Amino acid sequence: MEHEFHVEGMTCGHCERAVTNAVHEVDASAQVQIDRAQKKVVVQSAAEREALRHAIAEEGYQVAA
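Residue numbers (my numbering): -3 to 61.
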């Protein structure tokens, strides 16, 4: 299932890795695509949407649907 999030606060490659790692803690096989300029994170995962959103937010980023 595809989940798309608007994520504020990603400014560099480290941010992208932090978001990707957070998603992988929820679903190790998830595919993550990040468009920093658009503040968009697209996740292909069978995990619950809320679990993915929470994991990204726990890294310190503001996450909107």
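We treat Cβ as the ideally placed atom computed from N, Cα and C, and that holds for glycine.
Computed from a prediction, not measured in an experiment: that's the story for all the values here.
According to the DSSP secondary-structure assignment, E0 is paired through a beta bridge with V38. Contact between V22 and A60 is absent: CB atoms are separated by about 18 Å, not below the 8 Å threshold. Comparing alpha-carbon positions, the option among E(-2), R45 and T16 lying closest to E55 turns out to be T16. Look at A53 here: in three-state DSSP terms it is helix.
For D31, the beta-bridge partners assigned by DSSP are K36.
S25 counts as exposed, since fewer than 16 other beta carbons sit within 10 angstroms of its beta carbon.
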